[in-house]
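In what follows, a single structure is set out as structure tokens and then discussed.
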Amino acid sequence: MELFNRRTAMRGALAVAATPLAAGVASADVGAMAFVQKWAPNPGSAGLGAFAGIEDDRSNSHPSATHIFAESNQYRFVMHKSDRDGSDRQRNEVRAIRTGSTRHDMKKGETWRYRYQMYIPTSLKGTTSFSHIFQVKHTGVASPVVTMSLFRSGSLETVEMRLFGAGQAKLGSTPLAPLRNRWIDVEIEIKVADSGSLRYSLKDGGTTVVTASRSGFDTWLGGDQAHPKWGIYRSINDSAQLQDTYLLLRNMKAYRNE
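Here the sequence shown stands for residues -28 to -1, 1 to 230, numbered as in mature numbering (1 follows the signal peptide of the UniProt record, and there is no 0).
Structural data, given as structure tokens:
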């Protein structure tokens, strides 16, 4: 798959509302808990309107290019080596989810499940500093709650969750190389609470690559709501690993335990 950095009419899709789901319809495939599907945007019709915020080159370091796209069946996040978000990092992300004008935020004590597929190309490297492709954040709180991050130690690159309410403890670290250049199924289940929990799994086709969980750590770091973020957010400190790159996401869904 090729890096896609041309301007398209897709940016206009930001104003297009996601198709509402029938209220109270429970998903039949999410197990014994009473999870209700709240969000399942079609990129081709919902566009970037499926997200409450678009952080596309917010520092205006590369104004001639668009970096976040809604395509017919996927979302594309592009990062150029020269892009900057301040002096020491790069960021092209979407934040928070919505259906039409209705945001679906995480409130204290709630449990949410996010399912989607991701495609990580060879050009998106793990680094010795931070390189996040998913976050849960609180509005107005600098630290993330949890992140999915790409790391490098020596020649080994890994994908793993980091738990910031547990001293940045690692969860579910697994080698990145076998997961590249293919669609990987992701499931993240988080309870946001003073004593919260996280469950995380990756699947390659029908094979479970990693599944891990932890409970009893702080997933409520302040504010009045939490929300997911997706995209590429990384330090430039490990500059040898930075290339023009992209990340693809599709089949995105969110469920709340009711």
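Every residue gets a Cβ at the ideal spot worked out from N, C-alpha and C, and that includes glycine.
Buried or exposed by the 16-neighbour rule on C-beta atoms within 10 Å, applied to residue i
i: GLU161; result: buried
i: ASN64; result: buried
i: LEU143; result: buried
i: ARG154; result: exposed
i: THR119; result: buried
i: GLU230; result: exposed
i: THR38; result: buried
i: LYS79; result: exposed
i: ALA12; result: buried
i: LEU96; result: buried
i: ARG30; result: exposed
i: ALA68; result: buried
Rounded distance between the beta-carbons of residue j and residue i, thought under 8 Å
i: LEU117; j: GLY98; result: In the sequence on display, residue 117 carries Val and not Leu. Actually they are not in contact, since the Cβ atoms of VAL117 and GLY98 sit about 21 Å apart, beyond 8 Å.
i: ARG75; j: ALA18; result: Not confirmed; about 14 Å, so no contact.
i: GLY195; j: THR111; result: 5 Å
i: SER44; j: PRO15; result: 7 Å
Of the residues the options, the one placed nearest residue i, counting alpha carbons only
i: TRP192; options: LEU221, ALA165, TYR227 and ASP77; result: ALA165
i: GLY126; options: ILE26, GLN213 and LEU20; result: GLN213
i: TRP226; options: GLN62, ASP77 and VAL66; result: Note on residue identity: the sequence assigns Ala, not Trp, to residue 226. Of the listed residues, the one whose Cα sits closest to ALA226 is ASP77.
i: PHE41; options: MET133, SER173 and ILE26; result: ILE26
i: LYS85; options: GLY139, ARG56, TYR205 and SER173; result: Checking the sequence shown, residue 85 turns out to be Arg, not Lys. Ranking GLY139, ARG56, TYR205 and SER173 by Cα distance to ARG85 puts SER173 first.
i: VAL66; options: MET133, VAL108 and GLU129; result: VAL108
i: THR179; options: ASP157, LEU128 and LYS163; result: ASP157
i: TYR88; options: MET133, TYR47 and THR94; result: TYR47
i: ASN209; options: THR183, ARG124, PRO200 and MET133; result: ARG124
Residue i to residue j span [Cα, whole Å]
i: LEU122; j: LYS10; result: 28 Å
i: GLY(-5); j: PRO35; result: Only weak support is given to the placement of GLY(-5): the predicted model assigns it a pLDDT of 42, under 50, and the value that follows is read from those uncertain coordinates. Their Cα atoms are separated by approximately 42 Å.
i: VAL131; j: GLY72; result: 33 Å
i: LEU135; j: ALA141; result: 5 Å
i: MET224; j: TRP202; result: 11 Å
i: GLU70; j: ALA198; result: The residue asked about is misnamed: residue 70 is Arg in this sequence, not Glu. Approximately 13 Å between the Cα atoms of the pair.
i: GLU159; j: VAL181; result: 12 Å
i: ARG152; j: GLY177; result: 13 Å
i: ASP55; j: GLU82; result: 36 Å
i: ASP57; j: ARG222; result: 25 Å
i: SER115; j: ARG206; result: 14 Å
| request: Flag this pair as touching only if the region 167 to 175 and the region 184 to 191 have three or more C-beta atom pairs under 8 Å; answer yes or no. | output: yes
| query | Would you call the region 40 to 52 and the region 217 to 229 in contact, with 3 or more CB pairs under 8 Å? | reply | yes
| message | If contact is defined by three or more beta carbon pairs under 8 Å, each pair taking one atom from either stretch, is the region 102 to 109 in contact with the region 147 to 154? | response | no
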